[in-house]
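See structure below.
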Amino acid sequence: MTRVACVWVDAFVAAAAERAEPALREHPLAVVTGAAPATRVVEANAPARERGIRPGIPDAAAVARCPQLIRRPVSPACAEAARRALLDACYGVSPRLEDVAPGLVHVDAAGLGRLVGGDAAIAERLGRAARAVGLPARVGVAGTRAAARIAARAGLGVIVAGGEAQALAPVPVATLDWPADIAHALGRWGVATLGELASLPRAGLAARLGAAGLAAHDLARGMDDPAPWTSWTPPPFWEEAQELDWEIDALGPLVAVLERVLERLTARLSAAHLLADTLELRLALTGGGHHARTLALASPMDAPRPLLTLLEHDLGARPPQGAVTAVALQASPVPRRAVPGRLGRSAPPAERDLATVLARLVTLVGVEGVGAVALADSHRPDAFLPARLVLDVAPETPRPAGDAVLALRRLRPPRRVRVTTDGERRPALVYGALAAEARVVGCAGPWRVSGEWWDAAAWARDEWDVALSDGAVCRLARDLRAGEWYLDGVYD
Numbered sequence: 083m084t085r086v087a088c089v090w091v092d093a094f095v096a097a098a099a100e101r102a103e104p105a106l107r108e109h110p111l112a113v114v115t116g117a118a119p120a121t122r123v124v125e126a127n128a129p130a131r132e133r134g135i136r137p138g139i140p141d142a143a144a145v146a147r148c149p150q151l152i153r154r155p156v157s158p159a160c161a162e163a164a165r166r167a168l169l170d171a172c173y174g175v176s177p178r179l180e181d182v183a184p185g186l187v188h189v190d191a192a193g194l195g196r197l198v199g200g201d202a203a204i205a206e207r208l209g210r211a212a213r214a215v216g217l218p219a220r221v222g223v224a225g226t227r228a229a230a231r232i233a234a235r236a237g238l239g240v241i242v243a244g245g246e247a248q249a250l251a252p253v254p255v256a257t258l259d260w261p262a263d264i265a266h267a268l269g270r271w272g273v274a275t276l277g278e279l280a281s282l283p284r285a286g287l288a289a290r291l292g293a294a295g296l297a298a299h300d301l302a303r304g305m306d307d308p309a310p311w312t313s314w315t316p317p318p319f320w321e322e323a324q325e326l327d328w329e330i331d332a333l334g335p336l337v338a339v340l341e342r343v344l345e346r347l348t349a350r351l352s353a354a355h356l357l358a359d360t361l362e363l364r365l366a367l368t369g370g371g372h373h374a375r376t377l378a379l380a381s382p383m384d385a386p387r388p389l390l391t392l393l394e395h396d397l398g399a400r401p402p403q404g405a406v407t408a409v410a411l412q413a414s415p416v417p418r419r420a421v422p423g424r425l426g427r428s429a430p431p432a433e434r435d436l437a438t439v440l441a442r443l444v445t446l447v448g449v450e451g452v453g454a455v456a457l458a459d460s461h462r463p464d465a466f467l468p469a470r471l472v473l474d475v476a477p478e479t480p481r482p483a484g485d486a487v488l489a490l491r492r493l494r495p496p497r498r499v500r501v502t503t504d505g506e507r508r509p510a511l512v513y514g515a516l517a518a519e520a521r522v523v524g525c526a527g528p529w530r531v532s533g534e535w536w537d538a539a540a541w542a543r544d545e546w547d548v549a550l551s552d553g554a555v556c557r558l559a560r561d562l563r564a565g566e567w568y569l570d571g572v573y574d
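In the numbering used here, each residue's number is its place in the sequence shown (first place is 1) plus 82.
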């Protein structure tokens, strides 16, 4: 059975501005466009509409009606970020979406009952996801896209299957946005509800209004749209931007702006069950310049505080060369994966602690001095190279039952010991290893390794595996250049 949910945000442009500045929700707000004195209102929030502020009225008239009115210019970047945030929130509930218009998303709800619950649970889940990204949305669920859109705008909620026409009949026609000719005709005819529009003869509507009249008739009856479903594809990266009304030339105010942008970005990632793998910061500077930085995270995360700490330390070490006029953050997402715990293993460090330690290390030694340890292509013991830290641990290969494993526990630094050899120059007595004195009861070796003979850092050593009289099995190493013996490791 086909079930479609529609997620609709009223006054979307104003809602996008409130999402960027949450404090505006408590005050009358109008989003305006144009240059003075021809500035006009594009959209207004609920407190402003209660005071008579409507789209299209001059800015001066809006201020006259509401002296406390707060005005913000239209921001395409802010509106686009809010549009994508709504899609991201819905994507966390269903992978099949249709991006109809800014603030209007269709969600294929067929089959979600087994995962989420009934239609009411699906509607509640979608509304909660939209609120999590800062957008108050209404949700309607019905058997067709048209009926679901009307249910969302009229606040009907869930319409039972097959009852679309009956549920939509009392809805006023003024609830929907009609083309000018359709709205004019319905007004002249005295049609007040969708039920009255649905009762009009189709032949008469076709003769007077043409195809537009038939489309309005189908909409009033809740019939499905003839257009095919156009699925929305998630972008390869997720971005949040903030345009500034003033220039910022200090780190403190810039970090405060970054905190708001990060909170919006991480809320979108959390709603879609994703994590940020890399973070790219772009700052627009006065004079047309830009400051761009890419941060490779040690562990994918969606917590805003660790990410803000990393950005703050990076900006402190490499500040932008000019005042900032706009901020943009871009994240490369990876799916969130559940990692089961393992008995006998210590818990991994918290993301916040790991991010804080890494940020402090970057500040102290620079980005090039922080990373993971990778083995070098050399036989020299402990030879390594710095590499990017990757915490993706490969799954362990199961070991057959009863198969014993002997592991060498390396001592770093190796412990200096005194060794007495026999006539064949093989270890016979070891002093200062695990016991004050131990006799060698078994011996294998030597294995000679050497390298870099052409350099002052040349090295050469003999390695022995020995079994001692106290029961220990050890790895001994003799530095051939210095003639010293070392306890290199113990077998467990």
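The beta carbon of each residue, even a glycine, is placed where N, CA and C say it ideally should be.
Can you look up Arg560 in the DSSP assignment and give me helix, strand or coil? strand
Candidates Glu321, Ala353, Gly225: which alpha carbon is nearest Glu362's? Glu321
Taking 7 Å as the limit between beta carbons, can you name the residues of its chain near Val255, skipping five residues before and five after? Leu268, Val273, Ala274, Thr275, Leu276, Leu279
May I have the straight-line CA-CA distance separating Ala332 from Val343, to the nearest angstrom? 17 Å
Sorted by chain position, which residues of the same chain lie with C-beta nearer than 8 Å to Glu318's C-beta, five sequence neighbours on each side aside? Here the sequence assigns Pro to residue 318, which means Glu is not the residue at that position. If we look at Pro318 and ignore the five residues flanking it on each side, its Cβ neighbours are Ser414.
If you check the beta carbons only, do Ala126 and Ala112 fall under 8 Å apart? yes
When DSSP labels each residue in this structure, what does Pro104 get in the three-state scheme? helix
Local Cβ density within 10 Å of Glu246, reported as buried at 16 or more and exposed below that: buried
With distances taken between CB atoms, is the gap from Leu377 to Asp396 smaller than 8 Å? yes
I need the straight-line Cα distance from Ala118 to Pro137, nearest angstrom please. 17 Å
For the stretch 188 to 197 against the stretch 233 to 247, are there 3 or more C-beta pairs whose distance is under 8 Å? no
Any 3 or more C-beta pairs closer than 8 Å across the stretch 383 to 390 and the stretch 335 to 351: yes
If you follow the alpha helix (DSSP H) that Cys525 is in, where does it begin and where does it stop? Element bounds for Cys525: not the alpha helix (DSSP H) but the beta strand (DSSP E), 519 to 533.
Simplified DSSP state of Gly451, which is helix, strand or coil: helix
Can you list, in chain order, the residues of its chain with a C-beta nearer than 7 Å to that of Leu562? Leave out the 5 residues immediately preceding and following it. Ala542, Arg543, Asp544
For Ala476, three-class secondary structure by DSSP: Bear in mind that a pLDDT of 48 at Ala476, under 50, signals an unreliable position, so the number given afterwards is only what the model happens to contain. Of the three classes helix, strand and coil, the one that applies to Ala476 here is coil, per DSSP.
Quick check on DSSP: helix, strand or coil for Gln248? helix
His109 - DSSP class collapsed to helix/strand/coil: coil
Compute the beta-carbon to beta-carbon distance between Glu329 and Ala408, rounded to the nearest angstrom, for a pair I have assumed lies under 8 Å. So it is not a contact: roughly 10 Å between Cβ atoms.
Tell me which residue opens and which closes the beta strand (DSSP E) that Ala380 is part of. 372 to 383
Taking the CB atoms as reference points, tell me whether Glu180 and Ser313 lie closer together than 8 Å. yes
Can you tell me whether Arg560 is buried or exposed? The criterion is at least 16 other CB atoms within 10 Å of its CB, across all chains shown. buried
For the stretch 162 to 234, which segments carrying the beta strand (DSSP E) assignment without a break, of at least 3 residues, lie completely within its bounds, in sequence order? 179 to 183, 186 to 190, 220 to 224
With DSSP collapsed to three states, give me the class of His369. Residue identity differs from the one stated: residue 369 is Gly in this sequence, not His. Looking at Gly369 - three-state DSSP - the assignment turns out to be helix.
DSSP on Ala87, reduced to helix/strand/coil? strand
Chain-order list of residues whose beta-carbon lies under 7 Å from that of Val475 (same chain, five-residue window excluded): Here Val475 scores only 45 on pLDDT, less than 50, and its place in the model is too uncertain to base an answer on.
From Asp307 to Arg227, what distance separates their C-alpha atoms? 7 Å
Hey, how far is the Cα of Ala249 from the Cα of Gly334? 54 Å
Beta carbon of Val215, beta carbon of Arg350: below 8 Å? yes
Since Glu575 is in the alpha helix (DSSP H), which residue starts that stretch and which ends it? Absent from the model: residue 575. The displayed extent of the chain is 83 to 574, so no value can be given.
How is the beta strand (DSSP E) around Trp271 delimited, first residue to last? From DSSP, Trp271 is part of no beta strand (DSSP E) but of the alpha helix (DSSP H) over 262 to 271.
Is the Cβ-Cβ distance between Gly222 and Arg231 less than 8 Å? yes
With H, G and I counted as helix, E and B as strand and the rest as coil, what does DSSP make of Val548? strand
Which residues does DSSP pair with Thr275 in a beta bridge? Pro254
Could you name the residues of the same chain whose beta carbon sits closer than 6 Å to that of Pro468, not counting the 5 residues immediately before and after it, in chain order? Gly453
On a Cα-Cα basis, can you pick out the residue from Thr391, Val501, Leu340 that is closest to Val444? Thr391
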